[in-house]
Amino acid sequence: MHDFKYVHGELYCENVPVAALVKRYGTPLYIYSQNTLEQHFRKLDKALAGLDHLICYAVKANSNLAVIRVLADLGSGFDIVSQGELMRVQTAGGNPRQCVFAGVGKTEAEIRYALEQNIYCFNVESEAELQRIERVAARMKRRAPVAIRVNPNVEAHTHAKITTGTYENKFGIAFEQVPALYARASKLKHLHLRGVQMHIGSQLTEVAPFRQAVEKVAPLAAALKQRYGIEFFSIGGGLGIVYDPALASGQPEWWQRPQAKSLLTPARYAEALVPLLQPLGLKVLIEPGRFIVGNAGILVTRVEYLKRTGRKNFVIVDAAMNDLIRPAFYDAFHEIVPLRKKSGASTATDVVGPVCESGDYFCKDRPLPRLKEGDYLALLSAGAYGSVMGSNYNSRPRPAEILVTGKRHAVVREAEALPAIWQNEKLAPWQKR
Ligand SMILES: *Cc1c(COP(=O)(O)O)cnc(C)c1O
Numbered sequence: 068m069h070d071f072k073y074v075h076g077e078l079y080c081e082n083v084p085v086a087a088l089v090k091r092y093g094t095p096l097y098i099y100s101q102n103t104l105e106q107h108f109r110k111l112d113k114a115l116a117g118l119d120h121l122i123c124y125a126v127k128a129n130s131n132l133a134v135i136r137v138l139a140d141l142g143s144g145f146d147i148v149s150q151g152e153l154m155r156v157q158t159a160g161g162n163p164r165q166c167v168f169a170g171v172g173k174t175e176a177e178i179r180y181a182l183e184q185n186i187y188c189f190n191v192e193s194e195a196e197l198q199r200i201e202r203v204a205a206r207m208k209r210r211a212p213v214a215i216r217v218n219p220n221v222e223a224h225t226h227a228k229i230t231t232g233t234y235e236n237k238f239g240i241a242f243e244q245v246p247a248l249y250a251r252a253s254k255l256k257h258l259h260l261r262g263v264q265m266h267i268g269s270q271l272t273e274v275a276p277f278r279q280a281v282e283k284v285a286p287l288a289a290a291l292k293q294r295y296g297i298e299f300f301s302i303g304g305g306l307g308i309v310y311d312p313a314l315a316s317g318q319p320e321w322w323q324r325p326q327a328k329s330l331l332t333p334a335r336y337a338e339a340l341v342p343l344l345q346p347l348g349l350k351v352l353i354e355p356g357r358f359i360v361g362n363a364g365i366l367v368t369r370v371e372y373l374k375r376t377g378r379k380n381f382v383i384v385d386a387a388m389n390d391l392i393r394p395a396f397y398d399a400f401h402e403i404v405p406l407r408k409k410s411g412a413s414t415a416t417d418v419v420g421p422v423c424e425s426g427d428y429f430c431k432d433r434p435l436p437r438l439k440e441g442d443y444l445a446l447l448s449a450g451a452y453g454s455v456m457g458s459n460y461n462s463r464p465r466p467a468e469i470l471v472t473g474k475r476h477a478v479v480r481e482a483e484a485l486p487a488i489w490q491n492e493k494l495a496p497w498q499k500r
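In this note's numbering, the protein residues as written are 68 to 500.
Structure, rendered in structure tokens:
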């Protein structure tokens, strides 16, 4: 299935022309395809069918309530990293009993709240955190379910800012120290050793690092099962997507294309990992974020100005790094296509936003068709780590978000009104006149 495609030269999201949404709601505008979300979840679910498994969607990739609800309706669990994300899951109708709580800095209040809500497990990132969870659970006269996050020290071959599974990173407990930590944790009366977890990084495009990490940690998981009766092994998220041209040309999705053989597909992922996991007899959790939602969203923007300087051809648009920070933050590539297909020669173009930062660009020297003021562009694959990383930098209001299914659409986040940006600010008493 491909849900952002040209029909008679016009970009559609499912059966809705994107231009119609833009006309009604303006730009910048995030648009999500429900069908794409569902298909991605189902593909992964099917690939893992041979295992007792639970997909825990990583909420941080896109925490819109409507996105969470689509996944909750498919039976997804959730990987959360804050009380706010847990409350979002609950507000959207997800089940806290299918939530795992990750992150290196859980506060006492967050631990208490998550325990009250009966989450499935805390994925613990340090000994100090284990002790804190023990204290909070003791006070509540409860036993807290925990899994220790193992850092397997495997190089994920991804961008430095999203590598998490080597000893250079703040995440997890060094592989060699894990058995001793379980031994100490088993003496804490208010902990229930429920599982073991790892997550080696994000946007991985090859299966080898996953295989390496699972091969390394599987024997440990087996030993922990035997010794402490743990019930699950979470292998984390990190499945990469293709950001380069794929959807725009109306081709089948990337993993169905022949040239995608070398890329990480759900089938290849499962083929490599299921045989390693099945013999353990443990429940397997996976925590995909980007894979589920990345290609299910676009950000639409309007061309405001053309500006030619000595050697550069700038297209200044009304979206900016505060709406989508990935190019500035991770040197990320987003395919950029016009809403109405253009023929003719392309020119090397820099698409830039209005924010006062040189880092505020979406592409540099990219061959794009000749554009003019008032044209609209779609930044593809903007569903993950897009809106959630948005800010009000330059006092820019956050854009609206639309969910599309078939011919229907709904506003799932209202565009922010201008005074709302400073509604929590006030003058100091001595400044009053
Ligand atoms: C961010 C994160 C994920 C999701 O990563 P993706 O690359 O979006 O799949 C999963 N697990 C943990 C612990 C994370 O921090």
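Quick reminder that beta carbons are idealized off the backbone N, C-alpha and C, glycines included.
- In the three-state scheme derived from DSSP, where H, G and I count as helix and E and B as strand, Ala-445 is classed as strand.
- For a cut-off of 8 Å, the C-beta gap from Glu-354 to Cys-166 is around 11 Å, too long to register as a contact.
- DSSP places Gly-262 inside the beta strand (DSSP E), whose first and last residues are 258-264.
- Residue range 380-384 is occupied by the beta strand (DSSP E) that includes Val-382.
- Remark: C-beta atoms of Val-156 and Phe-168 do not approach each other more closely than 8 Å.
- Between Leu-271 and Gly-307, the gap from beta carbon to beta carbon is short of 8 Å.
- Counted as a single uninterrupted DSSP element, the beta strand (DSSP E) harbouring Pro-405 occupies residues 403-405.
- In the displayed model, Glu-192 falls within coil according to three-state DSSP, outside both helix and strand.
- If you draw a straight line from the Cα of Leu-331 to the Cα of Lys-228, it comes to about 20 Å.
- Relative to ligand 1, even the nearest heavy atom lies 7 Å or more away from the CB of Pro-436.
- Here the stretch 87-102 makes contact with the stretch 459-467; the two share three or more CB pairs at distances below 8 Å.
- Our two residues, Ala-285 and Asn-185, have alpha carbons roughly 27 Å apart in a direct line.
- Within the DSSP secondary-structure output, Pro-276 pairs in no beta bridge.
- Counting along the chain, Phe-358 sits inside the alpha helix (DSSP H) bounded by residues 357-360.
- Distances between the C-beta of Lys-110 and the heavy atoms of ligand 1 are all 7 Å or more.
- Checking the 7 Å criterion, the Cβ of Gly-305 is within range of a heavy atom belonging to ligand 1.
- Non-local beta-carbon contacts of Tyr-397 in its own chain, meaning distances under 6 Å to residues more than five positions away in sequence, involve His-226, Lys-228 in chain order.
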